Amino acid sequence: MAVISDYALLGDCQGAALVSSDGSVDWWCPPRFDAPSVFARLLGSTGGFWSIRPLGPYHTARRYLDGTMVLNTEFHTQDGVLRVTDALSLGAGERGHRIGVTSAHVLLRQVEVVSGAVEVAVEVAARPEYGLVTPTIVETPVGIEISGGADRLTLVADRDLAVDGALVTGRFTLTAGDSAMFALHHRGSADPPTAPIDGRAALRDTVAAWLSWATLHQDYQGAYREEVRRSALVLQALTYQPTGAVIAAATTSLPEEVGGAANWDYRFGWLRDGSFTLKALWVAACPDEAHRFFDWMAASMGSVEAEDHVPIMFGAGGERDLTEHTLEHLEGYQGSRPVRIGNDAWRQKQLDVLGEILECAWVLRDELADLSPAAAGLLRSLADRVVDGWREPDAGVWEGREGERHYLTSKLLCWVALDRAIRLAPVLDAETHVPRWSQAREQLRAAILTEGWNAEARTFTGAFGSDHLDAGVLAMSPLGFLPADDDRVIATVDAIRRELDVRHDGLLQRWTGSGLEGTFIVCSYVLVQALALAGQVDEAKRIFERITARANDVGLLSEEVDHRDGTLIGNFPQALSHIGLINAAWIIDQVQSGGDPVH
0 MAVISDYALL GDCQGAALVS SDGSVDWWCP PRFDAPSVFA RLLGSTGGFW SIRPLGPYHT
60 ARRYLDGTMV LNTEFHTQDG VLRVTDALSL GAGERGHRIG VTSAHVLLRQ VEVVSGAVEV
120 AVEVAARPEY GLVTPTIVET PVGIEISGGA DRLTLVADRD LAVDGALVTG RFTLTAGDSA
180 MFALHHRGSA DPPTAPIDGR AALRDTVAAW LSWATLHQDY QGAYREEVRR SALVLQALTY
240 QPTGAVIAAA TTSLPEEVGG AANWDYRFGW LRDGSFTLKA LWVAACPDEA HRFFDWMAAS
300 MGSVEAEDHV PIMFGAGGER DLTEHTLEHL EGYQGSRPVR IGNDAWRQKQ LDVLGEILEC
360 AWVLRDELAD LSPAAAGLLR SLADRVVDGW REPDAGVWEG REGERHYLTS KLLCWVALDR
420 AIRLAPVLDA ETHVPRWSQA REQLRAAILT EGWNAEARTF TGAFGSDHLD AGVLAMSPLG
480 FLPADDDRVI ATVDAIRREL DVRHDGLLQR WTGSGLEGTF IVCSYVLVQA LALAGQVDEA
540 KRIFERITAR ANDVGLLSEE VDHRDGTLIG NFPQALSHIG LINAAWIIDQ VQSGGDPVH
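Here the sequence shown stands for residues 0 to 598, where the numbers follow numbering that gives the first Met the number 0.
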């Protein structure tokens with residue numbers, strides 16, 4: 000079974016697939032990121048897969064075609080070189096900001112021999128609904144029909160394939176210049192059949208579509224340009240194009256600790272990470288993507304009354320109820336159980352989300368001249384909610400399920416909410432609210448500086464009255480609460496590095512007492528931002544480069560790095576890790592060029 004770093008992402012801006020370096024698609028959830036899988040061997044031996052590989056020994060090399068999410072994998076054998084090109088088809092003729100709007104939910108796989116002669120083995124084991132369904136397979140004049148549960152698949156190939164029970168198999172030899180094309184079409188059981196697409200034409204069109212998007216997003220010319228551009232493509236692939244939602248990760252239940260139970264479904268959009276996400280889209284994509292993400296957040300929230308729960312996350316279409324359940328039939332990645340579908344964190348109270356949304360509005364401040372009355376009212380109501388509720392405990396940004404506390408990061412984001420609301424008051428038609436907001440902002444500031452500061456340990460701690468550290472506190476200077484060269488901020492950065500950098504290489508655990516939990520990549524990128532803002536640019540760059548080197552061979556980052564052996568763990572690829580990369584690179588560039596990296 001492949002490890003997490005062996006996988007590459009395929010995306011059609013509506014769903015995602017993961018293909019291993021051995022040519023096996025072990026994860027695909029059409030037609031939407033959070034739909035039930037048809038391939039899920041990533042999470043269990045019965046989950047299904049689609050393998051294309053040479054017979055006999057080989058070694059591989061792979062890369063994305065420049066400016067695309069189309070993957071080339073070359074298998075080098077003793078008899079020749081086989082190239083497999085993989086993609087999820089984008090909508091026919093789509094270009095620029097329209098890519099993915101009408102994606103056909105077709106997995107394309109082109110096989111060609113570059114040199115010599117190679118015997119190829121194909122095996123398709125579709126297992127709908129996370130492996131719960133063993134499908135019926137029938138050969139038809141159009142292609143091989145695979146039916147089970149709510150899924151209908153049609154496999155079209157220009158090579159002979161055989162049906163063997165619940166498997167589709169094939170064996171053939173190609174010589175230099177020969178190629179074969181496979182297209183696996185998905186539709187729901189209620190959808191009418193459609194004519195199969197021309198796989199080769201669709202692959203060419205998909206390459207052109209990705210290149211058209213990349214061409215529109217060349218503005219960033221700063222530090223670590225290529226890494227930023229690849230991360231921008233990853234974020235676009237993780238964007239649900241019909242709504243503009245950015246999905247946290249393509250997977251569910253890849254563990255924070257291998258063999259452990261902290262296995263969560265990340266196939267949703269988090270408001271809690273909203274401002275980080277929007278800033279990264281602004282830097283590495285363009286205002287169009289940033290605006291669509293903000294509009295999705297606002298539309299998903301609806302009207303917020305005083306007593307309403309403000310969710311931290313939504314489904315890709317704006318769904319609120321993401322109730323969690325477990326899949327008992329899957330053994331989990333390397334035995335990491337349970338496998339979870341849905342995420343009960345949607346029920347949590349996290350006060351920081353109020354600041355995230357208002358920070359998003361602040362980033363877009365120059366674009367808010369035509370802010371609708373409804374949107375202005377939403378932002379006013381969120382600031383009012385902070386005034387009324389900032390003294391309450393909450394679950395915190397790390398979504399712990401052990402109970403609520405007075406987390407410093409939550410108070411910090413409450414301060415951000417009021418600070419940005421005050422600055423935006425003319426746009427929000429909220430001048431009469433400013434005195435009340437200002438008074439609460441100063442109360443918040445005083446509480447953070449007194450109750451969040453541990454004089455004995457000389458550091459800001461993770462929660463009021465605690466002596467435990469929390470890497471989330473590093474956001475103080477990037478968010479503008481205190482200058483990065485403030486003695487208290489410097490002391491906190493030093494303390495966090497001493498206690499949470501368990502590998503002494505810039506990789507940080509999230510909090511004191513994390514035990515065997517992995518080190519969180521985004522925390523390291525926030526550390527980079529804090530160091531760069533404090534003028535320690537060389538050290539910031541050293542850590543940035545060391546963390547970024549943890550990406551796999553095609554530039555993808557997971558949520559965490561296992562501090563025991565340095566392997567990638569956690570859901571993959573993780574949007575927040577790539578968001579952290581983009582924002583850290585931008586701040587390094589701004590500091591080096593004399594720009595204004597903070598507001």
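Just so you know, even glycine gets a beta-carbon here, dropped at the ideal spot from N, CA and C.
Model, not experiment: these values are computed from the prediction.
State buried or exposed for L166, treating a residue as buried only when at least 16 other CB atoms are found within 10 Å of its CB.
-> Position 167 of the sequence shown, counting from 1, holds the residue named residue 166. Of the other Cβ atoms in all chains shown, fewer than 16 fall within 10 Å of the Cβ of L166; this residue is therefore exposed.
How long is the line joining the alpha carbons of L555 and Q438, rounded to whole angstroms?
-> Position 556 of the sequence shown holds residue 555. Position 439 of the sequence shown holds residue 438. Whole-angstrom Cα-Cα distance: 45 Å.
Mark R266 as exposed unless 16 or more other C-beta atoms lie within 10 angstroms of its C-beta, in which case mark it buried.
-> Here residue 266 corresponds to residue number 267 of the sequence shown, with the count starting at 1. Around the beta carbon of R266, a 10 Å sphere encloses 16 or more other beta carbons of the protein chains shown; the residue is thus reported as buried.
Rounded to a whole number of angstroms, what is the C-alpha to C-alpha distance between V80 and L378?
-> Counting from one through the sequence shown, the residue named residue 80 turns up at place 81. Counting from one through the sequence shown, the residue named residue 378 turns up at place 379. Distance between the alpha carbons of V80 and L378 is about 58 Å.
Given A92 as reference, the closest of T408, I196, L448 once Cα atoms are compared | On the sequence shown, residue 92 is found 93 positions in, with the first residue counted as 1. Note that residue 92 is Gly in the sequence shown, not Ala. For the set T408, I196, L448, the Cα lying nearest the Cα of G92 is the one of I196.
Which value, in whole angstroms, describes the spacing of the CA atoms of G301 and T135?
-> On the sequence shown, position 302 is the one that residue 301 refers to. On the sequence shown, position 136 is the one that residue 135 refers to. Looking at the backbone, the Cα of G301 and that of T135 are separated by about 43 Å.
Could I get the ranges of all uninterrupted alpha helix (DSSP H) runs contained in the segment 311-380, with 4 residues as the minimum, in chain order?
-> Here the runs fully enclosed are 351-362.
With a CB to CB cut of under 6 Å and the five nearest residues on each side skipped, what residues in its chain are close to H562?
-> Locating residue 562 in the sequence shown gives position 563, where the first residue counts as 1. Excluding the 5 residues flanking it on each side, H562 has same chain C-beta neighbours closer than 6 Å at V501, R502, T518, in chain order.
Can you grab the Cα-Cα spacing for the pair F571 / S465, in whole Å?
-> Looking up residue 571 in the sequence shown gives position 572. Looking up residue 465 in the sequence shown gives position 466. Spanning the alpha carbons of F571 and S465 requires a straight line of approximately 32 Å.
In three-state terms, what does DSSP make of W485?
-> If you number the sequence shown from 1, residue 485 lands on position 486. Note on identity: in this sequence residue 485 is Asp, with Trp being the wrong assignment. Residue state for D485 is assigned as coil, using DSSP reduced to three classes.
Return the CA-CA distance between D33 and G14, expressed in angstroms with no decimal places.
-> For this step, residue 33 is matched to residue 34 along the sequence shown. For this step, residue 14 is matched to residue 15 along the sequence shown. Cα to Cα, D33 sits roughly 8 Å from G14.
contact_flag[the segment 526-545, the segment 268-280] where n(CB pairs < 8 Å) is 3 or more | At 8 Å Cβ cutoff, the stretches do not touch.
Contacts around Y63, its chain only, beta-carbon distance under 8 Å, and the 5 residues preceding and following it disregarded = Within the sequence shown, numbered from 1, the residue matching residue 63 stands at position 64. If we look at Y63 and ignore the five residues flanking it on each side, its Cβ neighbours are A7, V69, L70, N71, R229, L232, V553, G554.
CB-CB under 8 Å to R319, same chain, minus the five flanking residues each way: which ones, in chain order?
-> As a first step, residue 319 must be located in the sequence shown, where it is residue number 320. Within the same chain, Cβ atoms closer than 8 Å to the Cβ of R319 are found at S299, P310, F313, W345, the five residues on either side in sequence being excluded.
Quick one: what's got a C-beta closer than 6 Å to S88's C-beta in the same chain, skipping five residues either side?
-> As a first step, residue 88 is located in the sequence shown; it is residue number 89 there, counting from the start. Cβ neighbours of S88 beyond the five flanking positions: A103, V105, L107, A201, T205.
Grab the span of the beta strand (DSSP E) containing S19 for me, first residue to last.
-> As a first step, residue 19 is located in the sequence shown; it is residue number 20 there, counting from the start. Run containing S19: 15-19, per the beta strand (DSSP E) assignment.
DSSP beta-bridge partners of F543 | Translated into the one-based positions of the sequence shown, residue 543 becomes position 544. Its beta-bridge partners do not exist; DSSP assigns none.
Element boundaries [beta strand (DSSP E), containing W26] | Along the sequence shown, one-based indexing puts residue 26 at 27. Taken as a continuous stretch (DSSP letters only), the beta strand (DSSP E) holding W26 covers 23-27.
H405 in three-state terms, based on DSSP = Residue mapping note: residue 405 aligns to position 406 of the sequence shown, counting from 1. Reduced to three states, the DSSP call for H405 is coil.
So is G55 buried or exposed if we call it buried at 16+ other beta carbons inside 10 Å?
-> Here residue 55 is taken as the residue at index 56 of the sequence shown, counted from 1. Counting Cβ neighbours within 10 Å, G55 comes out exposed, since fewer than 16 surround it.
Go to A208, then tell me how far its alpha helix (DSSP H) extends in each direction, as first and last residue.
-> Working through the sequence shown from its first residue, we reach residue 208 at position 209. 198-215 is the extent of the alpha helix (DSSP H) around A208.
Going by DSSP, name the residue or residues bridged to S146.
-> Here residue 146 refers to the residue found at position 147 of the sequence shown. Paired residues: T135, R151.
Given that a residue counts as buried once 16 or more other Cβ atoms are within 10 Å of its Cβ, and exposed if not, what is A180?
-> Looking up residue 180 in the sequence shown gives position 181. Residue identity check: residue 180 is Met in the sequence provided, not Ala. Buried.
Burial state of V521, where buried means 16 or more other Cβ atoms lie within 10 Å | In the sequence shown, counting from the first residue as 1, residue 521 sits at position 522. So V521 counts as buried.
Since S188 is in the beta strand (DSSP E), which residue starts that stretch and which ends it?
-> Reading the sequence shown from its first residue, position 189 is the one you call residue 188. Judged by DSSP secondary structure, S188 falls outside any beta strand (DSSP E); it is assigned neither H nor E.
What number of angstroms, rounded off, separates the C-alpha of E455 from the C-alpha of V257?
-> Here residue 455 refers to the residue found at position 456 when the sequence shown is read from its first residue. Here residue 257 refers to the residue found at position 258 when the sequence shown is read from its first residue. Roughly 36 Å between the two C-alpha positions.
Is F292 closer than 8 Å to G354 when the C-beta atoms are compared?
-> Working through the sequence shown from its first residue, we reach residue 354 at position 355. Working through the sequence shown from its first residue, we reach residue 292 at position 293. Taking 8 Å as the Cβ cut-off, G354 and F292 do not qualify as a contacting pair.
Residues near L326 by beta carbon distance below 7 Å, same chain, minus five either side | Locating residue 326 in the sequence shown gives position 327, counting from the first residue. A distance below 7 Å between beta-carbons, with the five flanking residues on each side excluded, links L326 to the following residues of its chain, in chain order: Y129, V338, I340.
What residues match up with A86 in a beta bridge as DSSP calls it?
-> Residue mapping note: residue 86 aligns to position 87 of the sequence shown, counting from 1. L107.
Going by Cα to Cα distance, which pick from I143, R151, A175, G176 is closest to V162?
-> The sequence position of residue 162 within the sequence shown is 163, counting from 1. Checked all of I143, R151, A175, G176; the closest Cα to V162 is I143.
Determine the extent of the beta strand (DSSP E) in which N71 is found, giving its start and end residues.
-> Within the sequence shown, residue 71 is the residue found at index 72, counting from 1. Note, N71: beta strand (DSSP E), 70-75.
How many Å lie between D595 and Q589 at the Cα?
-> The residue labelled residue 595 in the question sits at position 596 within the sequence shown. The residue labelled residue 589 in the question sits at position 590 within the sequence shown. Within the model, the alpha-carbon separation for D595 versus Q589 is close to 6 Å.
Rounded separation between L427 and S476 - CA only = Within the sequence shown, residue 427 is the residue found at index 428, counting from 1. Within the sequence shown, residue 476 is the residue found at index 477, counting from 1. Looking at the two C-alpha atoms, the distance is approximately 26 Å.
C-alpha gap between A116 and D11, whole angstroms = If you number the sequence shown from 1, residue 116 lands on position 117. If you number the sequence shown from 1, residue 11 lands on position 12. Each residue's Cα considered, the two are about 32 Å apart.
Is the Cβ-Cβ distance between L370 and N342 less than 8 Å?
-> Working through the sequence shown from its first residue, we reach residue 370 at position 371. Working through the sequence shown from its first residue, we reach residue 342 at position 343. Contact flag unset, no.
For M0, which of helix, strand or coil comes out of DSSP?
-> For this step, residue 0 is matched to residue 1 along the sequence shown. DSSP, reduced to helix, strand and coil, places M0 outside both helices and strands of the structure shown, so it counts as coil.
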